[in-house]
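For the sequence shown, numbering that gives the first Met the number 0 assigns the number 0 to the initial residue and increments by one for each residue that follows. A virtual CB, placed ideally from N, CA and C, is assigned to each residue, including glycine. All values reported here derive from a predicted model rather than from experimental measurement.
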Amino acid sequence: MIIQPKVREYICTTAHPLGCAQSVRNQAKYAQRLGTVLGPRKVLIIGCSTGYGLASRITALENCQAATLGIMFERPSNGKRTATPGWYNTAEFHHIAEEKGIYAKTVNGDAFSREIKEKTIQVIREDLGKVDLVVYSLAAPRRTDIQGRTWNSCLKTTGKAFTEKSLDLRTNQIVEKTIFPATEEEVESTIKVMGGEDWADWIRALKEADVLTENAMTLAYSYIGPELTYPIYYHGTIGAAKQHLHHTMKEINETWPDVHACISINKGLVTQASAAIPVVPLYFSILYKVMKEAGTHENCIQQITRLFTGKLFGPTGMDTDNDGFIRMDDLELKPEIQNRVKECWKAVTTENLKDYCDLEGYWEDFYHMFGFGYSNIDYNQDVNPEVTIPDLVS
């Protein structure tokens, strides 16, 4: 099959197996250069196949030499269409772990479900005994909870409508976008999908099954962003869910004192989820340019390796703020960075877009998520889209 990118709005409907493998290898090589730290030995990553979850799994392997059990919900190729990028990413991760002789197994299914929780617990008991770190990195548009009710998330404001500049990814033009307020039911539903309820459900299930080590740690990822994006993000439906996640951290710590729950507030990056949020892609493309000019830009693996080797398991111990959060957005929110972003935001138009936005960097990250845009890969080459994942539990 000749596999080319097919982009529809903010998503690519194809993925390239060789390109995804190249992406995973590149991340692993970067992590290797930072050396090892005294960190977790047996890690469960819930949402392990793309983005921060994948970077966490790679970092756990390369920098901690840890055995990893991953949870994903990905689709293999049927011969006529490609697999999802997460499927190809995970296959290559397994190859790297096998080369190192380190345990890696992946459960494929709906992480929100009771079935996958029970299956995961069974694998931990049989293979690992107990795990000492649980990384929660799920991003999904809907959730069916353990009672069987399905909830759908939405990208809306709360309180009143919000109109602002936005980047139309289909045309690379600056447009004006209005985001309308959510109903109370929509806010509740978004919290159910993207908040902390399922994180707590996982910890409860793992604790009741006695598959967490004494003083185990659990880590979730969040984003707050600058005031510029507050109306659509932190003060919107997504922000309501993130604030619920933040509150869940405290609940976990209070409910299970021998489990240390923490949250890493991460930097803004291009992901499949963030590309769908109005206003945010324009902010990210400006941020990329400003931070690259300042020499402080980090991609996914750079951020997570800095988290693991510096702020989480580094020589000085965990580095948190007064709320107990690990601030990986510290470089993004520096006043000089945000002041420059605001200047660019006011000045940017369709005509001068390239002067203020790193469009090439934005689209490079976008295409790399799906395995495209690597100069050493011949995308006119006929490749087999059917890739097998060793040690897959489904």
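- In this structure, I57 lies near Q26, with their beta-carbon atoms less than 8 Å apart.
- By the neighbour-count definition (other C-beta atoms within 10 Å, threshold 16), T247 is a buried residue.
- The three-state reading of DSSP puts T143 in strand, counting E and B together.
- Taken atom to atom, the span from the alpha-carbon of D167 to that of A293 is near 26 Å.
- Residue state for D354 is assigned as helix, using DSSP reduced to three classes.
- Here K310 has D318 and I325 as same chain residues with Cβ atoms under 6 Å from its own Cβ, once five neighbours each way along the sequence are excluded.
- Per the coordinates, the alpha-carbon of A110 lies some 15 Å from the alpha-carbon of K104.
- Approximately 16 Å separates the beta-carbon atoms of S263 and Y233; this is outside 8 Å, ruling out the contact.
- With distances taken between CA atoms, A239 lies nearest to L154 out of L60, L33 and L154.
- Secondary structure at P180: strand, using DSSP grouped into helix, strand and coil.
- When the beta-carbon positions are compared, G370 and H15 come within less than 8 Å of each other.
- For G69, the enclosing beta strand (DSSP E) stretches over residues A66 to M71.
- Judged by DSSP in its simplified three-state form, F283 adopts helix.
- Non-local C-beta neighbours of G195 in its own chain, meaning closer than 6 Å and more than five positions away in sequence, comprise H243, L244 and T247, ordered along the chain.
- G370 carries a coil assignment under DSSP once its states are collapsed to helix, strand and coil.
- Here the alpha carbons of A90 and V386 stand approximately 7 Å from one another.
- If you look at Y51, you'll find it in the alpha helix (DSSP H) that goes G50 to C63.
- Taking E163 as reference, the option from V289, I276, E297 and T315 with the minimal CA-CA separation is I276.
- Counting C-beta pairs closer than 8 Å gives fewer than three between the segment 337-345 and the segment 69-78, which falls short of the contact rule.
- Listed in chain order, the alpha helix (DSSP H) elements of length 4 or more contained wholly in the segment 166-235 are 183-193 and 196-207.
- In this structure the segment 253-272 touches the segment 208-226; the number of beta carbon pairs closer than 8 Å is three or more.
- The shortest C-alpha to C-alpha distance from T348 to any of S165, I190, V23 and N151 is the one to S165.
- With contacts defined as CB atoms closer than 8 Å, E331 and G267 qualify as a contacting pair.
- Apart from the 5 residues on each side of it in sequence, M327 sits with its Cβ closer than 8 Å to the Cβ of S263, I264, N265, K266, Q302, R305, L306 and K310 in its chain, given in chain order.
- Taking a C-beta distance under 8 Å as the contact criterion, N62 and V23 do not qualify as a contact pair.
- Between the alpha carbons of K191 and I45 lies a distance of about 17 Å.
- Inclusion of D126 and Y87 in the CB contact set at 8 Å is not warranted, their separation being larger than that value.
- V130 counts as buried, since at least 16 other C-beta atoms from the protein chains shown sit within 10 angstroms of its C-beta.
- Contact between R141 and S152 holds: their C-beta atoms lie close to 7 Å from each other, under 8 Å.
- Here the alpha carbon of R148 sits roughly 28 Å from the alpha carbon of I223.
- In the DSSP assignment, no residue is bridged to L137.
- In the displayed model, W255 falls within coil according to three-state DSSP, outside both helix and strand.
- With a beta-carbon spacing of about 19 Å, V106 and I95 fall beyond the 8 Å limit used to define contacts.
- The Cβ atoms of A30 and V42 lie no closer than 8 Å to each other.
- A residue is called buried once 16 or more other Cβ atoms fall within 10 Å of its Cβ, and G158, having fewer, is exposed.
- Where I115 is concerned, the enclosing alpha helix (DSSP H) starts and stops at R113 to V122.
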